[in-house]
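Structure record follows, encoded as structure tokens.
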Amino acid sequence: GNSVTQMEGPVTLSEEAFLTINCTYTATGYPSLFWYVQYPGEGLQLLLKATKADDKGSNKGFEATYRKETTSFHLEKGSVQVSDSAVYFCALSAQGGSEKLVFGKGTKLTVNP
Amino acid sequence: EAGVAQSPRYKIIEKRQSVAFWCNPISGHATLYWYQQILGQGPKLLIQFQNNGVVDDSQLPKDRFSAERLKGVDSTLKIQPAKLEDSAVYLCASSLGQVTDTQYFGPGTRLTVL
Numbered sequence: 007g008n009s010v011t012q013m014e015g016p017v018t019l020s021e022e023a024f025l026t027i028n029c030t031y032t033a034t035g036y037p038s039l040f041w042y043v044q045y046p047g048e049g050l051q052l053l054l055k056a057t058k059a060d061d062k063g064s065n066k067g068f069e070a071t072y073r074k075e076t077t078s079f080h081l082e083k084g085s086v087q088v089s090d091s092a093v094y095f096c097a098l099s100a101q102g103g104s105e106k107l108v109f110g111k112g113t114k115l116t117v118n119p
Numbered sequence: 179e180a181g182v183a184q185s186p187r188y189k190i191i192e193k194r195q196s197v198a199f200w201c202n203p204i205s206g207h208a209t210l211y212w213y214q215q216i217l218g219q220g221p222k223l224l225i226q227f228q229n230n231g232v233v234d235d236s237q238l239p240k241d242r243f244s245a246e247r248l249k250g251v252d253s254t255l256k257i258q259p260a261k262l263e264d265s266a267v268y269l270c271a272s273s274l275g276q277v278t279d280t281q282y283f284g285p286g287t288r289l290t291v292l
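Protein chains in written order, with our numbering: chain Z, 7 to 119; chain X, 179 to 292.
What follows is the structure, given as structure tokens:
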């Protein structure tokens, strides 16, 4: 079945550090890939998405590139801020079936000033 | 534009009791989803509606969970009887309905079963 594996947390960084959160997936066909973010006390929000191979999703300084050859969708940001502290979820939506999202377990990021 | 609304935000019940959650999706969104998020895990789909029809309920424990979406708008999710392992956050999401469409999530209902 379809699945998503993302790096275990928690991740603790200093402000302005470089961030990478790894995400790999298993799916048949060509899924759409997503990063969702959950800020403390808030609901899940879409951060960025990519719908086909080699697409790059970007938002708020975050980027992720859909790599079909490595079945990966790693999240990166060049300089994190304290306000980026949150839980980040990688997810996929498989084509050819329902549009349900299959999520990874989440990675908690804490950015210290 | 108003977001996805859910109520209640918190609920504490004893095991074997029943509970119901309500969701109002974004206006015009044909597809509605209920997800269960157990602490420390990612959300897992319980049931998906397209208008008022069920598209996917393969992971819904049908012996105790039920859901309906009357008139293709609001939805309710019910648990009867509840078990300790049902303690989780129940998330409702909605989308226009295509694979690449963004799903918008509500704030969730945190259920604690004692």
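Each residue gets a CB set at the ideal place from its N, CA and C atoms; glycine is no exception. Just so we're clear, the structure is a prediction, and the values are computed from it rather than from any experiment.
Where does Gly-103/Z sit, in a helix, a strand or coil, going by DSSP? Annotation note: pLDDT 49 at Gly-103/Z (below 50); position unreliable, no value reported.
Given this structure, state the Cα-to-Cα distance separating Ile-191/X from Ala-266/X, to the nearest angstrom. Going from the Cα of Ile-191/X to the Cα of Ala-266/X covers about 12 Å.
Report yes if the C-beta distance between Ala-260/X and Val-197/X is below 9 Å; otherwise report no. Their beta carbons are under 9 Å apart, which means Ala-260/X touches Val-197/X by this criterion.
Among Val-117/Z, Thr-116/Z, Asn-118/Z and Leu-98/Z, which has the Cα closest to the Cα of Tyr-42/Z? Taking the Cα of Tyr-42/Z as reference, the smallest distance to any Cα among Val-117/Z, Thr-116/Z, Asn-118/Z and Leu-98/Z is reached at Leu-98/Z.
Do we get a CB-CB distance below 9 Å when we pair Ala-180/X with the residues of chain Z? Output row for Ala-180/X: interface = no.
Just curious, the beta strand (DSSP E) that Val-232/X is in, first and last residue? Per DSSP, Val-232/X belongs to the beta strand (DSSP E) from 231-234.
Terminal residues of the continuous beta strand (DSSP E) containing Val-17/Z? If you look at Val-17/Z, you'll find it in the beta strand (DSSP E) that goes 17-20.
Report the option in Pro-37/Z, Gln-51/Z and Tyr-36/Z whose CA atom is closest to the CA atom of Lys-66/Z. Per the Cα distances, Gln-51/Z.
Residue burial classification, Cys-201/X (beta-carbon count within 10 angstroms, cutoff 16): That one is buried.
Cα-Cα separation, Ala-245/X to Ser-253/X: One C-alpha to the other measures close to 7 Å.
Once the 5 residues before and after Asp-234/X are set aside, which same chain residues still bring their CB inside 6 Å of it? Gln-226, listed in sequence order.
Asn-65/Z, enclosing beta strand (DSSP E) - first and last residue: Boundaries of the beta strand (DSSP E) around Asn-65/Z: 62-65.
So is Ala-70/Z buried or exposed if we call it buried at 16+ other beta carbons inside 10 Å? Label assigned to Ala-70/Z: buried.
Between Tyr-42/Z and chain X, is the shortest Cβ-Cβ distance under 9 Å, so that the two count as touching? The beta carbon of Tyr-42/Z falls within 9 Å of a beta carbon belonging to chain X, placing the residue at that interface.
Can you find a C-beta in chain Z that's less than 9 Å from the C-beta of Thr-290/X? Interface criterion not met: the Cβ of Thr-290/X is under 9 Å from no Cβ in chain Z.
Integer Cβ distance of Val-117/Z from Val-93/Z, believed to fall under 8 Å: That belief does not hold up - the Cβ atoms of Val-117/Z and Val-93/Z are roughly 13 Å apart, past 8 Å.
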